[in-house]
Amino acid sequence: MTSAFPILSVAIWLPILIGLSLVLAGRRLSDLSIRQLAIAGAVVCFLATLPIVSGFDNAKSGMQFTEKAVWIEGFQIHYALGIDGLSMWFIPLTALITVFVVVAGWEVIQDRVAQYMGSFLILSGLMIGVFCALDGILFYVFFEATLIPMYLIIGMWGGNNRVYAAFKFFLYTLLGSLLTLVAIVVLYMKSGSFDVLVWHKTPLSLDVQIYIFIAFLMAFAVKVPMWPVHTWLPDAHVEAPTGGSVVLAAIMLKLGAYGFLRFSLPIAPDASRELDTLMITLSLIAVVYIGFVALVQADMKKLVAYSSIAHMGFVTLGFFMFNALGVQGGIVQMISHGFISGAMFLCIGVLYDRMHSRQIADYGGVVNRMPKFAALFVFFAMANSGLPATSGFVGEFMVILGAVAYNFWIGLLAATTLILGAAYSLWMVKRVIFGEIANDHVAELRDVNNREFWMLIALAFFVLLMGVWPAPFIDAMQLSVDGLLQHVATPKLPTP
Numbered sequence: 044m045t046s047a048f049p050i051l052s053v054a055i056w057l058p059i060l061i062g063l064s065l066v067l068a069g070r071r072l073s074d075l076s077i078r079q080l081a082i083a084g085a086v087v088c089f090l091a092t093l094p095i096v097s098g099f100d101n102a103k104s105g106m107q108f109t110e111k112a113v114w115i116e117g118f119q120i121h122y123a124l125g126i127d128g129l130s131m132w133f134i135p136l137t138a139l140i141t142v143f144v145v146v147a148g149w150e151v152i153q154d155r156v157a158q159y160m161g162s163f164l165i166l167s168g169l170m171i172g173v174f175c176a177l178d179g180i181l182f183y184v185f186f187e188a189t190l191i192p193m194y195l196i197i198g199m200w201g202g203n204n205r206v207y208a209a210f211k212f213f214l215y216t217l218l219g220s221l222l223t224l225v226a227i228v229v230l231y232m233k234s235g236s237f238d239v240l241v242w243h244k245t246p247l248s249l250d251v252q253i254y255i256f257i258a259f260l261m262a263f264a265v266k267v268p269m270w271p272v273h274t275w276l277p278d279a280h281v282e283a284p285t286g287g288s289v290v291l292a293a294i295m296l297k298l299g300a301y302g303f304l305r306f307s308l309p310i311a312p313d314a315s316r317e318l319d320t321l322m323i324t325l326s327l328i329a330v331v332y333i334g335f336v337a338l339v340q341a342d343m344k345k346l347v348a349y350s351s352i353a354h355m356g357f358v359t360l361g362f363f364m365f366n367a368l369g370v371q372g373g374i375v376q377m378i379s380h381g382f383i384s385g386a387m388f389l390c391i392g393v394l395y396d397r398m399h400s401r402q403i404a405d406y407g408g409v410v411n412r413m414p415k416f417a418a419l420f421v422f423f424a425m426a427n428s429g430l431p432a433t434s435g436f437v438g439e440f441m442v443i444l445g446a447v448a449y450n451f452w453i454g455l456l457a458a459t460t461l462i463l464g465a466a467y468s469l470w471m472v473k474r475v476i477f478g479e480i481a482n483d484h485v486a487e488l489r490d491v492n493n494r495e496f497w498m499l500i501a502l503a504f505f506v507l508l509m510g511v512w513p514a515p516f517i518d519a520m521q522l523s524v525d526g527l528l529q530h531v532a533t534p535k536l537p538t539p
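Structure representation (structure tokens):
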């Protein structure tokens, strides 16, 4: 379905243009004016994505709201956009998380406010571009361009080791993506096009498929991140400002997982089936081993960062069992993790803004001074543990059901994440929230203000809504997932 109005282009370029305008106008406007313009711009950008949700037709499995124009005619490169059930929900999610990030930095960011707010709006547009791109070169441009604003966010507004963390983040993700460019060129040579949908239909030998799968794996595994290329993430989270951690966990990790759905599985289906054991093994290591690593963390941000790796392991596990429950559960888990991980990092940011410490040992008895905050923090920790009636339960339960259908022992190992998730989340809650007031610094804490309270309440609403009414999310992806699985199940080898 071709869109009469370029709604996807609006969703991509509106935040980029607003962000650039803020950066350019920064010296001529007061910080208050910049903040007001930033929140107004973020809200408008989110509202601009709502027609995508309301106009999406769940009864159609193909691409919707498509746009196509010649970009570089000599190489058949097009500005091609479109979405299906695999990508639709990530567009409003990205825009919504950007609103929360702007609100979270309202009082905290005092230095270079225009550049800070502008960077997040630009990053939002670039990430939406990744979810919409249907041309290989366009996807690569958006995928790599997201590194620039996040590198600046970590490097300029991060902690004491921000330069090290920013370089590590940039180099890991950039080096991982170089092989992707090689794969894109190979696919162009095989198909004569950079159109992703043409690549889905191009027959490839098993050897070529394996090479292409591994090339894409290098980029997407780093971005997810999968074990053992995950070591950049805890450093980036610890040093990033609160807004950077929120966007990194809630959206940027999803770019890699989405890459598996749009590129690895449909372009190299035979290789995907050939290498499924490898992918399931790496995913289970992330779920189980990284869960134990999270248990021993003394820094709240590091604990939640390792928790994110474990939860994203659930996502890749669901994708490579090749059944509807697993793939749908993985996508639902991606959306849910966007809300829950964003909320967890915002809660840690609330505490850090008051005490300038993320060490669990520096807290204790916070509930005595911050009862509203404590209630919300405990709720999000429970959701992070997969509590029924929260969004954290839906995706994990679907993936576990899919895993049991695939192999009982794999399902059993996957289910350990519910125990480990409860262990590290509740351990942190017990040490930070409950007990007697630990020290004078905790005794001086003030409860959340109206801005913080309503921001966290809004996130709690989405976590509950998705937990008790997941049907809209699942229904939108049903036909697209069925089409993907049918495509993966069909051999794509060239005719002898």
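In this note's numbering, the protein residues as written are 44 to 539. Idealized CB from N, CA, C, for every residue including glycine. All of these numbers come straight from a predicted model, not from anything done at the bench.
- Taking 9 Å as the cut-off, the beta carbon of alanine 54 is found closer than this to the beta carbon of alanine 138.
- When the beta-carbon positions are compared, tryptophan 275 and lysine 211 come within less than 9 Å of each other.
- Close CB contacts of leucine 166 within its chain, under the 7 Å cut and outside five residues either way in sequence, are with Thr189, Pro192, Met193, Val290 (chain order).
- Taking valine 472 as reference, the option from Val347, Tyr332, Gly435, Ser326 with the minimal CA-CA separation is Val347.
- Annotation: the continuous beta strand (DSSP E) that includes alanine 112 extends over 107-115.
- In its chain, beyond the 5 residues on either side, Gly445, Ala448, Tyr449, Leu528 have a beta carbon closer than 8 Å to the beta carbon of asparagine 366.
- DSSP places leucine 321 inside the alpha helix (DSSP H), whose first and last residues are 319-338.
- Around the Cβ of glycine 98, a 10 Å sphere holds fewer than 16 other Cβ atoms; the residue is exposed.
- Contact check for valine 370 and valine 524: beta-carbon distance about 5 Å, within the 8 Å limit, so the pair qualifies.
- Bounds of the beta strand (DSSP E) holding histidine 121 are 120-126.
- A direct Cα-Cα distance of roughly 19 Å separates leucine 508 from valine 142.
- For threonine 137, the enclosing alpha helix (DSSP H) has its first and last residue at 133-147.
- For threonine 433, the CB contacts under 6 Å within the same chain, skipping 5 residues up- and downstream, are Ala426, Val506, Gly510 in chain order.
- Judged by DSSP in its simplified three-state form, glutamine 402 adopts strand.
- The three-state reading of DSSP puts alanine 176 in strand, counting E and B together.
- Spanning the alpha carbons of glutamate 116 and serine 236 requires a straight line of approximately 11 Å.
- Cβ-Cβ distances below 7 Å link valine 66 to Ala157, Gln158, Gly161 in the same chain, with the five nearest sequence neighbours on each side left out; the list follows chain order.
- Of the residues assessed, methionine 232 falls on the exposed side of the cut-off, its CB having fewer than 16 other CB atoms within 10 angstroms.
- Arginine 489 and aspartate 518 have their C-alpha atoms spaced approximately 43 Å apart.
- For histidine 399, the number of other beta carbons within 10 angstroms of its own is below 16, and it is reported as exposed.
- Judged by DSSP in its simplified three-state form, aspartate 278 adopts helix.
- Assigned with DSSP and collapsed to three states, aspartate 100 falls in coil, not helix or strand.
- Only buried fits aspartate 313, as 16 or more other CB atoms lie within 10 angstroms of its CB.
- Shown here for isoleucine 120: same chain residues with a beta carbon closer than 7 Å to its own, the five before and five after excluded, namely Trp114, Asp178, Ile180, Phe237 in chain order.
- Between glycine 361 and isoleucine 374, the C-beta spacing is below 9 Å.
- Secondary-structure assignment with DSSP links aspartate 238 through a beta bridge to Asp178.
- In the DSSP assignment, serine 523 falls within the unbroken alpha helix (DSSP H) covering 514-532.
- Boundaries for asparagine 366: no alpha helix (DSSP H) harbours it, and the DSSP string shows neither H nor E there.
- Pairwise C-beta distances place the stretch 288-302 out of contact with the stretch 314-329, as fewer than three of them are shorter than 8 Å.
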